[in-house]
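When we follow the numbering used here, the leftmost residue of the sequence shown carries the number 103, and every step to the right adds one.
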Amino acid sequence: MWPALFGTGSWGVITGVAMIQAGLTLPQALGMSMLVFSGTTQLVALPLMVAGASQLLIAVTAILTGLRFIVYSASVSRDLVRLPLPRRLLLGYLMTDTGLGLYQMRRARGAPPQRVAMYVGYNLPVWAAWHLGSLAGILLASAMPASAGFAYLGVLAVLAVIVPMIASWPALGATVVAAAVAVAGWHWPWRLGMFAAIVAGVLAALAIEQAMARWRARTVRSD
Numbered sequence: 103m104w105p106a107l108f109g110t111g112s113w114g115v116i117t118g119v120a121m122i123q124a125g126l127t128l129p130q131a132l133g134m135s136m137l138v139f140s141g142t143t144q145l146v147a148l149p150l151m152v153a154g155a156s157q158l159l160i161a162v163t164a165i166l167t168g169l170r171f172i173v174y175s176a177s178v179s180r181d182l183v184r185l186p187l188p189r190r191l192l193l194g195y196l197m198t199d200t201g202l203g204l205y206q207m208r209r210a211r212g213a214p215p216q217r218v219a220m221y222v223g224y225n226l227p228v229w230a231a232w233h234l235g236s237l238a239g240i241l242l243a244s245a246m247p248a249s250a251g252f253a254y255l256g257v258l259a260v261l262a263v264i265v266p267m268i269a270s271w272p273a274l275g276a277t278v279v280a281a282a283v284a285v286a287g288w289h290w291p292w293r294l295g296m297f298a299a300i301v302a303g304v305l306a307a308l309a310i311e312q313a314m315a316r317w318r319a320r321t322v323r324s325d
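And the structure:
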């Protein structure tokens, strides 16, 4: 688990620096880190904030990047459903990609007697590593003069997240189409070009998936 904690802390440092360089004050950065508590969401939202995107676009983007936690919650609902609502909300807040993955791996080997304790034991260290790293990045960036190199740190971090995800034709098509629409609509009012890029990317991915499904169906029939 130590490598995972080190990686989480490193992402926290990057995000902490990116928040300050995006123009957030120290209290705002600390609040975003504690309340949002999602590296992907923060790293995606920060470049939009720097670019002056509309609040609606930022909110929609943040919601879309966090939708996976609905699936995560459903995967552990059987283990936590009998707990009081306040405890379930707290455990939902603590949920992390890494911690949940480790929990599910242990769960697959057999139901442990103390499921809640194990869930907390896997997720709480990740939570702590993230916030310690984020705090270190916030304090580091606050103590350093503004730098053009740091100004694009959030964008570079987002690229580091996105590039490994381009592992299929639908993902590649969505990336290319979204990038083209974003560039074409850069000067649209209220940063609507970014919103249009998201919609175009989703539609492109769906269209490619449907085309691939039809091609596979024809291939099966021809065999």
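We put the CB at the ideal spot given by N, CA and C, even for glycine.
The alpha helix (DSSP H) enclosing Arg184, as first and last residue numbers: It is not in any alpha helix (DSSP H) - Arg184 carries neither H nor E in the DSSP assignment.
In chain order, each alpha helix (DSSP H) run of at least 4 residues that lies wholly inside the region 144-230: The region 144-230 contains these whole alpha helix (DSSP H) runs: 157-167, 170-182, 187-196 and 199-210.
Alpha carbon of Leu196 to alpha carbon of Pro105, nearest angstrom: Rounded to the nearest angstrom, the two C-alpha atoms are 19 Å apart.
Simplified DSSP state of Ser270, which is helix, strand or coil: coil
Under the three-state DSSP convention, the category Gly275 falls into: helix
Cβ-heavy atom distance, Thr127 to the ligand GDP, below 7 Å: No copy of the ligand GDP appears in this structure; indeed no ligand is present at all.
Per-residue DSSP class, three states only, for Met246: coil
Rounded C-alpha distance that separates Ala250 from Val222: For Ala250, the predicted structure reports a pLDDT of 46, less than 50, and the residue's modelled location is therefore unreliable. A value from the coordinates is still provided. Distance between the alpha carbons of Ala250 and Val222: 40 Å.
Nearest residue (CA-CA) to Arg217, options Ala276, Leu241, Arg180 and Leu169: Arg180
Segment contact, 8 Å Cβ cut-off, at least three pairs: the region 230-238 with the region 129-143: yes
C-beta contact flag for Val304 and Ala276 at 8 Å: It is a contact, given that the beta carbons lie within the stated cut-off.
Gln144 to Thr200 span [Cα, whole Å]: Rounded to the nearest angstrom, the two C-alpha atoms are 17 Å apart.
Where Leu126 sits in the DSSP three-state scheme: coil
Met314 to Pro291 span [Cα, whole Å]: 36 Å
Whole-angstrom distance between Ala307 and Arg189, CA atom to CA atom: Using only the alpha carbons, I get a separation of about 38 Å.
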